[in-house]
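Going line by line, the protein sequences match chains A and B. Following the working numbering, the numbering of the first sequence begins with 1 at its first residue and continues without gaps. Following the working numbering, the numbering of the second sequence begins with 83 at its first residue and continues without gaps. Have a look at the structure below, then the notes.
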Amino acid sequence: MNDHTTKMTCEEFQSQMPELIASGENASEHPHVRECDLCRALLQDLETIAEAARQLFPVEDPPDRLWEQIESAIKQQEPSRG
Amino acid sequence: MSGAALRGLSVDPPRKRMTPSRLSMHTPEGSSLRSAAVTAAEPDPETSPELASTQAETPAAQESSAPQAVPPPPPVPGSDADILARAQGGDHYAFAQLYAMHKRRIYSLCLRMVGNVAEAEDLTQEAFLQLHRKIATFRGDSAFSTWLHRLAINVVLMHLRKKGLSVISLDEAMEPTPEEGPGRSFGAPDLSLAGSIDRLALERAISDLPAGYRLIFVLHDIEGYEHNEIAAMLDCSIGNSKSQLHKARLKLRDAMRTMPRREGRR
Chain A
1 MNDHTTKMTC
11 EEFQSQMPEL
21 IASGENASEH
31 PHVRECDLCR
41 ALLQDLETIA
51 EAARQLFPVE
61 DPPDRLWEQI
71 ESAIKQQEPS
81 RG
Chain B
83 MSGAALRGLS
93 VDPPRKRMTP
103 SRLSMHTPEG
113 SSLRSAAVTA
123 AEPDPETSPE
133 LASTQAETPA
143 AQESSAPQAV
153 PPPPPVPGSD
163 ADILARAQGG
173 DHYAFAQLYA
183 MHKRRIYSLC
193 LRMVGNVAEA
203 EDLTQEAFLQ
213 LHRKIATFRG
223 DSAFSTWLHR
233 LAINVVLMHL
243 RKKGLSVISL
253 DEAMEPTPEE
263 GPGRSFGAPD
273 LSLAGSIDRL
283 ALERAISDLP
293 AGYRLIFVLH
303 DIEGYEHNEI
313 AAMLDCSIGN
323 SKSQLHKARL
333 KLRDAMRTMP
343 RREGRR
């Protein structure tokens with residue numbers, strides 16, 4: 001285990017978090033996270049947010065009038081195409 | 083915290099409702115969307131390697147190595163492929179069917195990206211008008227839904243650029259400010275989200291994100307694009323994409339933690 005990573009401060013660890021997370025490594029196994037409740041909680045929260053985002057799905061239907069507008073615009077375009 | 087869960091956070095997220103075995107690989111279009119998409123369109127193996135590998139396991143793919151290729155069967159009348167083919171041929175009714183099939187997904191995307199109902203409606207309209215103009219040029223190099231989705235994103239990005247939002251002049255926002263420094267974000271464990279987030283509260287927090295953060299968060303965490311794809315779309319570096327996504331998540335965390343418990347959490 002790298003001595004520096006073990007003794008890393010929260011600030012140092014968090015500055016590396018974007019890259020660490022994006023790398024696909026198991027950040028929870030990072031020596032600092034194993035020792036630090038705060039950074040562990042942060043990591044868990046970010047995980048929760050990312051997971052919740054993945055669960056979001058398209059829920060909004062556009063208003064019905066939108067199709068009417070699109071249809072109207074298409075009809076206007078078509079004569080000009082010749 | 084499980085390794086798999088963290089990988090879910092780190093490796094580009096799979097599209098929702100995918101099976102666990104596919105969590106580590108995805109395309110911008112999820113399985114649910116793909117199932118609704120026009121199936122006649124063949125995925126591009128270069129851009130959708132997971133699809134290529136999936137295809138390679140199918141009997142049809144195995145047969146493709148046979149000396150004589152069998153031509154694909156004509157679209158089943160009323161199928162997605164048939165609707166697409168008819169729309170490409172100028173059939174208005176088929177185009178209306180395409181709209182009905184994809185309007186929710188496209189509108190939701192626009193709404194999340196711009197955070198404004200009126201703009202989202204305009205952009206949805208523009209996306210489908212562009213679709214109408216360009217649909218004949220769709221050649222099936224990717225799934226139709228992927229193609230349409232990309233078209234809609236480009237419409238939104240063009241709109242944002244016209245509005246003067248240099249999407250990643252947000253690079254400036256990448257520089258940590260005293261308020262946004264890394265040490266600020268963590269808090270006492272008793273204020274953590276405790277693994278539970280209310281969907282509506284999250285939607286609201288996302289809509290309140292600064293535009294650049296919201297864009298990258300939506301593209302990566304909701305739509306499932308990878309950092310390299312986002313970087314190409316937004317003309318920024320991959321590092322910027324990663325950093326902005328991280329900051330977006332931190333901001334969301336702050337927002338969720340400051341919401342009233344009853345409103346913001348389950």
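Virtual Cβ for every residue (Gly too), placed ideally from N, Cα, C.
Who are the Cβ neighbours of Leu211(B) in its own chain at under 7 Å, not counting the five residues just before and after it?
Along the second sequence, read from residue 1 onward, the residue named residue 211(B) stands at position 129. The answer is none, since no qualifying residue turns up.
Option in Val152(B), Leu191(B), Met341(B) and Arg232(B) with minimal Cα separation from Asp61(A)
Numbered from 1 along the first sequence, position 61 holds the residue referred to as residue 61(A). The shortest C-alpha separation from Asp61(A) is found at Leu191(B).
Residues from the stretch 51-77 of chain A in contact with chain B, defined by Cβ distance under 8 Å
Glu51, Ala52, Ala53, Arg54, Gln55, Leu56, Phe57, Pro58, Val59, Glu60, Asp61, Pro62, Pro63, Leu66, Trp67, Gln69, Ile70, Glu71, Ala73, Ile74 and Gln77
Less than 8 Å between the beta carbons of Ile235(B) and Met315(B), yes or no?
Along the second sequence, read from residue 1 onward, the residue named residue 235(B) stands at position 153. Along the second sequence, read from residue 1 onward, the residue named residue 315(B) stands at position 233. Yes.
Close beta carbons around Asp164(B), own chain, < 7 Å, minus the five adjacent residues each side:
Taking the first residue of the second sequence as position 1, residue 164(B) is located at position 82. Within the same chain, Asp164(B) has close Cβ partners Pro157 and Val158.
Host alpha helix (DSSP H) of Met8(A) (start-end)
Here residue 8(A) is taken as the residue at index 8 of the first sequence, counted from 1. Careful: Met8(A) lies outside any alpha helix (DSSP H) and carries neither H nor E.
At which residues does the alpha helix (DSSP H) containing Arg339(B) begin and terminate?
As a position in the second sequence, residue 339(B) is number 257, starting the count at 1. From DSSP, the alpha helix (DSSP H) with Arg339(B) extends over Ile320 to Thr340.
Count the other C-beta atoms from every protein chain shown that fall within 10 angstroms of the C-beta of Gly306(B), then say buried if there are 16 or more, exposed otherwise.
As a working note, residue 306(B) is residue 224 in the second sequence. Gly306(B) is buried by the Cβ-count criterion.
Compute the distance between the beta-carbons of Cys39(A) and Gln14(A), then report whether it is under 8 Å.
Within the first sequence, residue 39(A) is the residue found at index 39, counting from 1. Within the first sequence, residue 14(A) is the residue found at index 14, counting from 1. The answer is yes: Cβ separation under 8 Å.
Got a sec: which bits of the stretch 179-201 of chain B sit with their beta carbon under 7 Å from any beta carbon on chain A, in order along the chain?
Tyr181, Lys185, Arg186, Arg187, Tyr189, Ser190 and Leu193
Integer Cβ distance of Ala337(B) from Ala287(B), believed to fall under 8 Å
In the second sequence, the residue the question calls residue 337(B) occupies position 255. In the second sequence, the residue the question calls residue 287(B) occupies position 205. Going by Cβ atoms, the distance from Ala337(B) to Ala287(B) rounds to 4 Å, so yes, they are a contact pair.
Where Arg65(A) falls, given that 16 or more other Cβ within 10 Å makes a residue buried
Taking the first sequence and counting its residues from 1, the one referred to as residue 65(A) is at position 65. Looking at its Cβ environment, which holds fewer than 16 other Cβ atoms inside 10 Å, Arg65(A) is exposed.
Is it the case that the stretch 196-206 of chain B contacts the stretch 218-231 of chain B, given that we only count it when at least three CB pairs across the two stretches are under 8 Å?
no
Interfacial residues, the stretch 213-245 of chain B to chain A, with Cβ spacing under 8 Å:
His214 and Arg215
Cutoff 8 Å: Met8(A) Cβ touching any chain B Cβ:
Position 8 of the first sequence holds residue 8(A). Taking Cβ atoms only, chain B never reaches closer than 8 Å to Met8(A), which makes this a no.
Through-space distance from Leu334(B) to Ser135(B), alpha-carbon basis:
In the second sequence, counting from the first residue as 1, residue 135(B) sits at position 53. In the second sequence, counting from the first residue as 1, residue 334(B) sits at position 252. Confidence is the limiting factor: at Ser135(B) the pLDDT is only 34, short of 50, which leaves the residue's position unreliable, though a coordinate-based value still follows. Each residue's Cα considered, the two are about 36 Å apart.
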